[in-house]
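There are 2 protein chains.
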Amino acid sequence: MERKIILTEKEIPDKWYNIVADMPNKPLPPLHPGTKEPIGPEALAPLFPMELIKQEVTLDKYVDIPDEVRNIYGMWRPTPMYRAYNLEKALDTPAKIYYKYEGVSPTGSHKPNTAVAQAYYNKQEGIKKITTETGAGQWGSALSFACQHFGIQCEVFMVKLSYLHKPYRKVMMNTWGATVHPSPSDATAIGKKILSENPDTTGSLGIAISEAVERAATNDDTKYALGSVLNHVKLHQTIIGQEAVLQMEKAGDLPDIVIAPFGGGSNFAGLAFPFLRLNFDEGKSIRCIASEPSSCPKLTRGQFRYDFGDTAGMTPLLPMYTLGHDFVPAPIHAGGLRYHGAGVIVSQLLKDKLIEARAHDNLEVFEAGVTFARAEGIIPAPEATHGIATAIAEAERCKREGKSETILLNLCGHGNFDMKAYEDYFAGKIVKHELSQAEIDASLAKLSTPLIP
Amino acid sequence: MERKIILTEKEIPDKWYNIVADMPNKPLPPLHPGTKEPIGPEALAPLFPMELIKQEVTLDKYVDIPDEVRNIYGMWRPTPMYRAYNLEKALDTPAKIYYKYEGVSPTGSHKPNTAVAQAYYNKQEGIKKITTETGAGQWGSALSFACQHFGIQCEVFMVKLSYLHKPYRKVMMNTWGATVHPSPSDATAIGKKILSENPDTTGSLGIAISEAVERAATNDDTKYALGSVLNHVKLHQTIIGQEAVLQMEKAGDLPDIVIAPFGGGSNFAGLAFPFLRLNFDEGKSIRCIASEPSSCPKLTRGQFRYDFGDTAGMTPLLPMYTLGHDFVPAPIHAGGLRYHGAGVIVSQLLKDKLIEARAHDNLEVFEAGVTFARAEGIIPAPEATHGIATAIAEAERCKREGKSETILLNLCGHGNFDMKAYEDYFAGKIVKHELSQAEIDASLAKLSTPLIP
């Protein structure tokens with residue numbers, strides 16, 4: 000009874016999978032925020048290296064993973080897949096539950112999968128510095144780690160509130176050689192302006208993005224990097240599912256259901272897209288379910304329309320499921336899932352009913368997280384508990400229906416830096432929170448962006 | 000160029016190795032603290048289950064690992080061995096450096112290797128509850144995790160200072176279902192007495208031990224567990240080296256030098272003993288080096304004599320290298336290495352010159368830790384940085400001497416819960432600290448326990 004399905008480094012896939020090639024309806028183009036006219040990839044040139052821009056719009060079904068990227072992936076990849084025997088027993092379910100564990104990376108989540116690739120392509124194009132924003136620090140850590148390995152400077156603008164209250168992620172970034180500014184900072188014009196107007200502000204992700212983008216746009220040897228939402232980020236994350244398909248084969252099994260937490264979509268895309276390929280290519284009918292918090296339910300209760308990627312309304316307009324770009328979700332611990340919109344590929348797939356979505360309350364996900372930790376040992380990140388909640392719900396359905404279905408879950412990260420969340424749970428501070436339809440309607444009513452029929 | 004040497008679960012060794020069987024000079028017996036007469040294993044019966052007491056004194060060369068323990072080991076074992084290509088490159092050394100990584104366990108260190116075994120034997124003997132003490136929480140976490148899997152209650156007495164200042168380890172223990180008391184507590188007679196005399200005390204490891212022992216000694220269905228020092232603990236940890244011997248074979252290599260950090264000795268014993276067996280059985284001459292902090296240098300500057308295992312002088316007298324049982328080391332971040340003495344087996348081996356020891360300053364180890372993190376990605380626990388410092392020193396010697404020796408290091412845990420230490424390092428708060436000979440002499444002069452010729 001082996002719990003782990005492992006691959007050797009030689010088995011690390013050599014191609015990322017680009018689902019756009021197989022989509023029956025391709026994503027609609029982004030629109031210029033002012034003219035509302037479709038814009039091409041050249042608009043991204045000041046911020047991203049050319050190879051990543053090409054990946055953003057490619058229709059090739061596969062993209063080769065460079066040897067140097069595969070070599071660094073080998074520091075923690077292939078990641079293990081586990082058969083969750085203990086959890087199955089705890090739930091007394093006939094379902095078979097597997098999980099792919101991305102928490103073994105140096106930063107403890109799936110984020111380095113794209114950080115390493117992005118750093119590599121920047122290095123290839125002679126870039127000396129990459130800037131980014133980070134909230135709680137998961138993405139900033141991953142990019143710091145990646146830049147360290149390519150000798151690229153990394154400059155992170157970290158929301159000041161997190162900088163002050165979550166110092167350990169900052170220390171992690173420093174350990175990998177990155178410079179971390181509390182945002183707003185006096186390192187940028189926009190930061191200085193905001194500080195002069197409001198010296199006591201604790202910052203926001205929107206401000207941090209503005210600072211990171213300003214730095215990249217105003218320095219020739221500097222580019223900017225994003226940790227989710229964009230197509231090339233999702234592409235890189237498919238390394239997860241590419242491995243998982245091999246691992247399920249090794250286990251002599253095939254999932255009926257693939258589940259992953261959903262923030263911007265990169266973690267869901269990473270596991271699910273290579274299994275959707277089996278649906279496209281081999282006529283399988285694997286259900287892929289994105290798990291979101293009921294406090295930020297863009298997939299289950301949002302609207303499919305054009306909206307801005309950022310709060311301030313500066314980015315191109317993207318066709319996506321959204322709650323409105325200035326929607327402010329409840330301050331749940333799963334900070335990585337508090338984004339107002341979904342990436343364009345995932346949105347189109349949901350619109351076309353090729354994937355499903357499910358929302359879970361904040362209390363339910365922590366109950367699921369503790370059940371998982373007690374059975375399987377690993378204490379999951381708050382984001383990861385959302386996928387666990389879906390897996391448990393499906394396993395319980397299997398029990399009711401007497402079905403032995405196979406469930407595969409993306410356990411995207413450990414909770415070692417999130418123990419405050421569990422402390423709050425045990426102290427009874429995490430409560431059920433209902434988001435009213437009126438709140439969603441009010442947020443969407445503020446939009447004047449194009450609807451999509 | 001594969002970085003990782005991995006084993007399958009089927010390859011988890013089925014025997015622990017008991018080095019006592021091969022030692023030319025067996026450890027001297029413990030002495031009664033009052034009469035100073037040798038005592039037998041029956042003295043331990045109120046505290047430990049019989050099977051562990053038998054393991055404490057067995058002369059059998061191997062002890063079978065029960066299937067149920069191997070099954071739980073399979074949740075994270077076999078742990079990976081890495082070839083540290085990046086570190087070799089960073090040091091520009093001809094040495095080959097490997098590390099065995101124990102940080103993949105659910106608690107992030109090697110401690111569950113013995114916690115699971117101890118919980119199993121207690122369960123076999125019908126024990127309902129296990130008590131223990133914990134300082135920073137690493138051992139308490141491991142025992143909580145292990146007890147959870149056998150349905151045994153776990154009660155942890157956590158030094159109040161840590162309970163207040165390091166709440167996340169406590170939350171981790173709660174997550175695995177343990178009860179955690181700040182020590183001194185009102186749950187024991189000794190705790191109540193101390194609290195009544197000194198309500199504001201922040202506790203000590205000595206007090207926490209007293210509380211845990213009182214609970215076990217006064218309840219028939221309750222036993223006590225220790226996380227290091229004792230022989231059966233070292234025995235269980237040899238799972239590390241038993242795997243590592245197989246992994247080195249797989250790599251087609253053999254270490255010239257085996258290195259591990261040294262606190263009570265279980266982590267060093269775990270990796271080194273199975274390689275010392277190759278010296279005994281096959282005439283190899285593998286150097287095994289224990290790495291200790293220069294602020295607590297019992298192996299390099301202590302005295303080999305009988306001393307108490309605890310600060311208060313309540314335990315049997317043990318023959319060991321010691322700095323004196325009330326020696327108070329500087330408050331370094333590597334809390335797990337601040338013990339005043341060395342376990343009896345390791346002490347005898349050092350006395351017989353079958354192993355070596357090396358001390359490193361607190362500043363040197365953090366420099367080593369950051370070098371490692373930047374090269375290999377993993378941020379090591381402060382304890383683990385001591386072994387890294389020795390490995391780097393040996394690799395640099397290899398470079399000076401133009402020798403391509405093979406070095407194997409025990410990376411016993413990650414630093415995810417120790418980022419405050421790195422924060423202090425980057426803030427320049429970690430300084431070189433010299434321990435004077437006068438301080439050591441003064442501590443040893445207080446001992447009236449038997450000297451060993």
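For the record, the sequence lines run as chains G and V. Taking numbering that gives the first Met the number 0, I'd label the letters of the first sequence as residues 0 to 452. Taking numbering that gives the first Met the number 0, I'd label the letters of the second sequence as residues 0 to 452. Beta carbons are placed, not taken as given, at the ideal position from N, Cα and C, and that holds for glycine.
Excluding five sequence neighbours on each side, which residues of the same chain lie with their C-beta closer than 8 Å to the C-beta of residue i?
| i | result |
| --- | --- |
| E8/G | G73, R76, P77 |
| I377/G | Y100, G102, F371, L410, H413 |
| V364/G | P292, A333, P381, T384, H385, I387, A388 |
| P12/V | I64, I238, Q241, E242, L245 |
| K95/G | R82, E87, D252, S403, E404, T405, I406 |
| P32/V | F307, G312, M313, T314, P315, L316 |
Leaving out five residues before and five after residue i in sequence, what residues of the same chain have Cβ atoms less than 7 Å from its Cβ?
| i | result |
| --- | --- |
| P23/G | D351 |
| I439/V | R300, L322 |
| T448/G | R304, Y305, D306, L316 |
| V56/G | P40 |
| S346/V | F303, P318, M319, Y320 |
| S184/G | F156, G190, E210 |
| T187/V | E210, E213, R214 |
Would you mind stating whether residue i and residue j have Cβ atoms separated by less than 9 Å?
| i | j | result |
| --- | --- | --- |
| K419/G | Y167/V | yes |
| K127/V | Q152/V | yes |
| W138/V | A118/V | no |
| I288/V | E210/V | no |
| H148/V | I71/V | yes |
| G240/V | A271/V | yes |
| K159/G | G202/G | yes |
| P198/V | A243/V | no |
| L234/G | L353/G | no |
| I38/G | L27/G | no |
| L407/G | A341/G | no |
| S182/G | A207/G | yes |
In or out: residue i buried (at least 16 other Cβ within 10 Å) or exposed?
| i | result |
| --- | --- |
| N459/G | The structure shown does not extend to residue 459/G, since chain G is modelled only from 0 through 452, so no value can be given for it. |
| V327/G | exposed |
| P45/G | exposed |
| E382/G | buried |
| L229/G | buried |
| M171/G | buried |
| P260/G | buried |
| R437/G | The sequence given here has Ala at residue 437/G, not Arg. Exposed, since its Cβ has fewer than 16 Cβ neighbours within 10 Å. |
| G335/V | buried |
| L51/G | buried |
| A358/G | buried |
| D91/V | exposed |
| S143/G | buried |
| S403/G | exposed |
| V19/G | buried |
| R399/G | exposed |
Following the continuous beta strand (DSSP E) through residue i, name the residue where it begins and the one where it ends.
| i | result |
| --- | --- |
| R286/G | 286–292 |
| P328/V | Element bounds for P328/V: n/a, residue is neither H nor E. |
| M80/V | 80–82 |
| L408/G | 405–410 |
| F307/V | 302–307 |
| T178/V | 178–182 |
Looking at the unbroken alpha helix (DSSP H) that takes in residue i, where does it start and where does it end?
| i | result |
| --- | --- |
| E8/G | Looking at the DSSP string, E8/G is not in any alpha helix (DSSP H), and its letter there is neither H nor E. |
| I238/G | 238–249 |
| W138/V | 137–149 |
| L27/V | No alpha helix (DSSP H) contains L27/V, which DSSP labels as neither H nor E. |
| V343/V | 343–350 |
| S209/G | 204–216 |
Apart from the five residues just before and just after residue i, which ones in its own chain have a Cβ nearer than 6 Å to its Cβ?
| i | result |
| --- | --- |
| P79/V | K3, I5, Y100 |
| T133/V | G139, V155, M157 |
Exercise. Quick one: any contact between the region 244–262 of chain V and the region 52–65 of chain V, if contact means 3 or more CB pairs under 8 Å?
Worked result: no
Exercise. Should the region 368–377 of chain V be regarded as contacting the region 168–177 of chain G, the criterion being three or more beta carbon pairs within less than 8 Å?
Worked result: In short, these stretches touch, since the Cβ pair count reaches three.
For this session: Would you be able to state if there are at least three C-beta pairs under 8 Å between the region 91–110 of chain G and the region 259–277 of chain G?
Result: yes
Exercise. Taking one C-beta from the region 282–297 of chain V and one from the region 253–263 of chain V each time, how about it: are there three or more such pairs within less than 8 Å?
Worked result: yes
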